[in-house]
Amino acid sequence: AQTVTQSQPEMSVQEAETVTLSCTYDTSESDYYLFWYKQPPSRQMILVIRQEAYKQQNATENRFSVNFQKAAKSFSLKISDSQLGDAAMYFCAYPRNTGNQFYFGTGTSLTVIP
Amino acid sequence: DSGVTQTPKHLITATGQRVTLRCSPRSGDLSVYWYQQSLDQGLQFLIQYYNGEERAKGNILERFSAQQFPDLHSELNLSSLELGDSALYFCASSVGGLASEQYFGPGTRLTVT
């Protein structure tokens, strides 16, 4: 069975500093995609970044980047120059190949300290 | 704004009742997904529709059902409601392929009293 694990229930970072959120997953697939979603206090789910497993290069979106280690089945999210607006729950998600429905991790609550 | 709309935003009802949640996907998206987010369960996939047909089922109770209409909007029906059904219900949509990002609606907050 495919699972997604986020081992850090809570993290904090000083404003302007860098933080890394961890995610590991379990799959028998060889080609797949991984996503990070952000859920601010408004509860809206917002796509942050996507990584394609067959690509060697780590995905980057402005201040957000991933550290994708396929052999280790690890998919970390790095947030650089943290801003107050980055405070949110962050969910790692893995889509099932059979239908694209997502398995979500349990989330990491990120606090940004001014 | 993701382009996915959900109504109503909030719903308060009593145990034993039935409610219908509505979702309109982004223009052009054929797939609709329903997820339940409760405090102790995280985000759980319920059901997926693709172009009007059921594609996959997850942890959906028999008391719950859904459908997708020809105009691609979807409804999630919850019946014989229990206190434990109180949760945030999200609809998401995607183009439909395996690599497709899912775009989430704002959710419907259901409170069962």
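Just so you know, the sequences run in chain order A and B.
For the first sequence, our numbering gives the first residue as 1, with consecutive numbering after it.
For the second sequence, our numbering gives the first residue as 1001, with consecutive numbering after it.
For each residue, glycine too, the CB sits at the ideal point set by N, CA and C.
For Glu-1101 (chain B), there is no enclosing beta strand (DSSP E), as DSSP marks it with neither H nor E. If you ignore the 5 residues before and after Glu-17 (chain A), its C-beta comes within less than 7 angstroms of the C-beta of Ser-82, all in its own chain and listed in chain order. Residues Tyr-37, Lys-38, Gln-39 and Phe-91 of the same chain have their beta carbon placed closer than 8 angstroms to that of Met-45 (chain A), with the five preceding and five following residues left out of the count. Of the other Cβ atoms in all chains shown, fewer than 16 fall within 10 Å of the Cβ of Phe-1069 (chain B); this residue is therefore exposed.
Closer than 8 angstroms at the C-beta level to chain A, one finds these residues of the region 1079 to 1108 of chain B: Leu-1088, Phe-1090, Ala-1092, Ser-1094, Gly-1096, Gly-1097, Leu-1098, Ala-1099, Ser-1100, Glu-1101, Gln-1102, Tyr-1103, Phe-1104, Pro-1106 and Gly-1107. Below the 7 angstroms Cβ cutoff, chain A contributes no neighbours of Ala-1066 (chain B), its closest Cβ being approximately 13 angstroms away. Of the residues assessed, Tyr-1035 (chain B) falls on the buried side of the cut-off, its CB having 16 or more other CB atoms within 10 angstroms.
A direct Cα-to-Cα measurement between Gly-1042 (chain B) and Ala-88 (chain A) gives close to 15 angstroms. Taking 8 angstroms as the threshold, the shortest C-beta distance from Gln-56 (chain A) to chain B does not fall below it.
The C-alpha of Ala-72 (chain A) is placed about 43 angstroms away from the C-alpha of Leu-1011 (chain B). Counting along the chain, Asp-26 (chain A) sits inside the beta strand (DSSP E) bounded by residues 24 to 26. Going by C-alpha positions, Thr-111 (chain A) is about 34 angstroms away from Asp-1029 (chain B). In the structure shown, Leu-110 (chain A) adopts extended strand secondary structure according to DSSP, grouped into three states.
Put simply, the CB of Tyr-1049 (chain B) is far from chain A, with every gap to its CB atoms at 8 angstroms or more.
The CB of Leu-1043 (chain B) comes closer than 7 angstroms to the CB of Phe-91 and Phe-104 in chain A, given here in chain order. Asn-1077 (chain B) and Gln-14 (chain A) have their alpha carbons spaced roughly 44 angstroms apart.
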